[in-house]
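Before any comments, here is the structure.
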């Protein structure tokens with residue numbers, strides 16, 4: 013449990029503003045994706061729908077996180093005073109349990125692999141992602157540092173498996189994509205790898221003695237930035253990939269029509 | 013009535029997080045189904061619309077359950093203190109009374125039986141499901157264990173009738189489905205049978221002396237998981253069946269068009 017009393021009023025407000033920013037970005041991305049989904053070819057509409065679902069679920073959780081943050085604290089004569097109601101950090105896990113598997117499913121769907129490959133990769137990557145989050149939770153809510161280390165290590169196993177699958181396992185499938193999207197897909201994967209790397213590092217902060225107001229501020233703002241990159245920026249890349257692939261395929265279709 | 017004071021803060025928060033997760037899953041599934049409903053053939057759009065209604069009604073009730081859970085307790089100096097307002101378990105029954113008959117209707121609609129069979133099966137299965145929930149309610153809210161047992165037994169009669177109808181009564185209709193969906197329909201039925209089996213077992217927990225914080229946590233998280241499987245996962249299977257049947261029929265239609 014966070015000791016909210018160690019936060020300065022400035023730090024407390026800064027984190028609250030970051031949460032509100034996160035909510036606005038996620039909600040705006042959702043609306044953009046859902047309004048634009050009919051502009052891509054039918055084959056990519058499920059990918060775009062799910063991409064918007066991920067940011068919608070994240071928007072909901074940022075609302076919950078923001079409300080929990082507000083309920084945990086009273087500001088009284090220029091100081092942050094804990095109300096006794098704990099700030100619920102676990103909302104992040106509830107969010108990730110749903111959104112992280114779906115993020116990988118978006119990427120797989122927009123690649124339009126064969127039906128059996130889509131299933132296989134969605135199940136293995138999505139399952140590994142869910143396992144990673146479930147294994148992280150007991151360490152996050154544990155009162156002592158021992159379990160935090162143990163569950164960090166356990167959670168890293170599916171994490172590394174996912175990274176391996178993304179960077180190495182998808183190589184063949186990427187090489188079969190149209191040339192003008194290969195680069196975009198690689199950028200999307202690097203974005204996942206880079207933004208995800210933030211989470212296991214932050215997870216260890218309390219274990220290495222980083223506590224107090226500055227650490228809480230860094231963790232919460234850092235998570236918010238990482239979430240925005242991993243969900244909203246990543247989602248917009250998925251949308252761009254779907255648009256280019258739609259153009260590519262319509263182009264081929266109309267060339268074929270002209271030839272016949 | 014639950015004695016909320018027997019819960020630890022960790023248990024209380026875990027259940028609250030499970031409710032929030034349930035709400036997010038149900039709402040996300042609803043949006044997915046309603047956004048994707050035009051991607052299936054017109055014959056299956058009613059099934060998909062109703063599938064989304066089931067998860068929408070469930071999302072509403074998880075919001076109510078979550079708010080009731082929050083209102084029942086104050087967390088004060090690290091302990092769970094009952095506010096005196098009881099946690100309203102009856103919301104689950106209100107939800108089931110509407111969603112459980114509709115779940116069976118989804119399954120019947122996606123099978124696209126003859127009009128008279130669709131009517132007959134919807135009325136008998138839907139009616140039995142409503143009866144099952146109505147008979148369960150007096151036992152759930154009863155203060156003593158006698159009525160709990162009696163209404164459990166009464167409620168099991170329509171429950172077993174439904175299971176029989178699903179596993180045996182639908183056999184003929186399943187064998188008439190396209191080959192590539194027969195397996196999916198069977199999985200959907202097994203999912204119903206397996207997830208529904210959880211409810212009558214949990215119903216008996218108080219009767220066999222399972223009370224206290226751990227039992228409450230197990231019951232509430234268990235119901236939530238069973239609801240997610242029976243409504244959201246089941247709903248996505250119904251969607252997949254509708255997609256495959258649409259493809260199958262469009263395939264047949266274009267083959268027929270070529271022949272003529």
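Residue numbers (this note's numbering), protein chains in the order written: chain A, 13 to 272; chain B, 13 to 272.
Ideal placement from N, C-alpha and C gives every residue a C-beta, glycine not left out.
All values derive from a computational prediction rather than experimental measurement.
Helix, strand or coil at residue i according to DSSP, with G and I counted as helix
| i | result |
| --- | --- |
| residue 238/A | helix |
| residue 107/B | helix |
| residue 189/B | coil |
| residue 80/B | helix |
| residue 272/B | Confidence in residue 272/B is poor, its pLDDT being 47 and thus under 50, which makes the residue's placement too unreliable to answer from. |
| residue 217/B | coil |
| residue 10/A | Past the boundaries of the shown model lies residue 10/A; chain A is included only from 13 to 272, so the question cannot be answered. |
| residue 19/B | coil |
| residue 231/B | helix |
| residue 248/B | helix |
| residue 179/B | helix |
| residue 222/B | coil |
| residue 53/B | coil |
Chain-ordered chain B contacts of residue i [CB-CB under 9 Å]
| i | result |
| --- | --- |
| residue 153/A | 22, 25, 26 |
| residue 81/A | Ordered by position in chain B, no residue passes the 9 Å Cβ test against residue 81/A, which lies about 15 Å from the chain. |
| residue 103/A | 29, 32 |
| residue 189/A | Result: empty, since nearest Cβ-Cβ is about 23 Å, beyond 9 Å. |
| residue 106/A | 29, 30, 32, 33, 36 |
| residue 177/A | What residue 177/A touches in chain B: nothing, since even the nearest Cβ is about 23 Å away. |
Classification of residue i by the beta-carbon crowding that lies within 10 angstroms, buried from 16 upward
| i | result |
| --- | --- |
| residue 253/A | buried |
| residue 257/A | buried |
| residue 262/A | exposed |
| residue 184/B | exposed |
| residue 272/B | Only weak support is given to the placement of residue 272/B: the predicted model assigns it a pLDDT of 47, under 50, and the value that follows is read from those uncertain coordinates. With fewer than 16 Cβ atoms within 10 Å of its Cβ, residue 272/B is classed as exposed. |
| residue 155/B | exposed |
| residue 124/B | buried |
| residue 89/B | exposed |
| residue 133/B | buried |
| residue 128/A | exposed |
| residue 36/B | buried |
| residue 41/B | buried |
| residue 250/B | buried |
| residue 131/A | exposed |
| residue 239/A | buried |
| residue 87/A | exposed |
| residue 63/A | buried |
| residue 232/A | buried |
| residue 215/B | buried |
| residue 95/B | exposed |
| residue 84/A | buried |
| residue 78/B | buried |
| residue 195/A | exposed |
| residue 200/A | buried |
| residue 93/A | exposed |
Neighbouring residues, chain A, relative to residue i (Cβ below 8 Å)
| i | result |
| --- | --- |
| residue 51/B | 54, 57, 58 |
| residue 37/B | 110 |
| residue 94/B | Per Cβ cutoff of 8 Å: no residues; residue 94/B is ~15 Å from chain A at best. |
| residue 87/B | 96, 97, 98 |
| residue 40/B | 65, 68, 69, 110 |
Beta-carbon neighbours of residue i, restricted to chain B and to distances below 7 Å
| i | result |
| --- | --- |
| residue 61/A | 44, 47, 48 |
| residue 72/A | 36 |
Whole-angstrom C-beta distance between residue j and residue i, which should lie under 8 Å
| i | j | result |
| --- | --- | --- |
| residue 179/A | residue 91/A | In fact, because the Cβ distance is near 48 Å, the residues do not count as touching under 8 Å. |
| residue 247/B | residue 111/B | 10 Å between Cβ atoms; not a contact. |
| residue 117/B | residue 56/B | Not quite, the Cβ-Cβ distance comes to about 13 Å (not below 8 Å), so this is no contact. |
| residue 198/A | residue 115/A | The pair is not a contact, with the Cβ atoms about 16 Å apart (cut-off 8 Å). |
| residue 113/A | residue 70/A | Going by Cβ atoms, the distance from residue 113/A to residue 70/A rounds to 13 Å, so no, they are not a contact pair. |
| residue 145/A | residue 105/A | 6 Å |
| residue 163/A | residue 151/A | 3 Å |
| residue 236/B | residue 99/B | Not a contact, Cβ separation roughly 14 Å. |
| residue 29/B | residue 102/A | 5 Å |
| residue 81/A | residue 47/B | In fact, because the Cβ distance is near 31 Å, the residues do not count as touching under 8 Å. |
Within chain B, the residues that residue i reaches when beta carbons sit closer than 8 Å
| i | result |
| --- | --- |
| residue 214/A | Neighbours of residue 214/A on chain B: none; closest Cβ ~20 Å, over 8 Å. |
Interface residues of chain E facing residue i [CB-CB closer than 9 Å]
| i | result |
| --- | --- |
| residue 195/A | As a matter of chain content, chain E is missing from the structure shown, whose protein chains are A and B. |
With a floor of 4 residues, list each alpha helix (DSSP H) that falls wholly inside the segment 85-170 of chain B, ordered by position along the chain.
Fully enclosed alpha helix (DSSP H) runs of 4 or longer: 103-123, 127-153.
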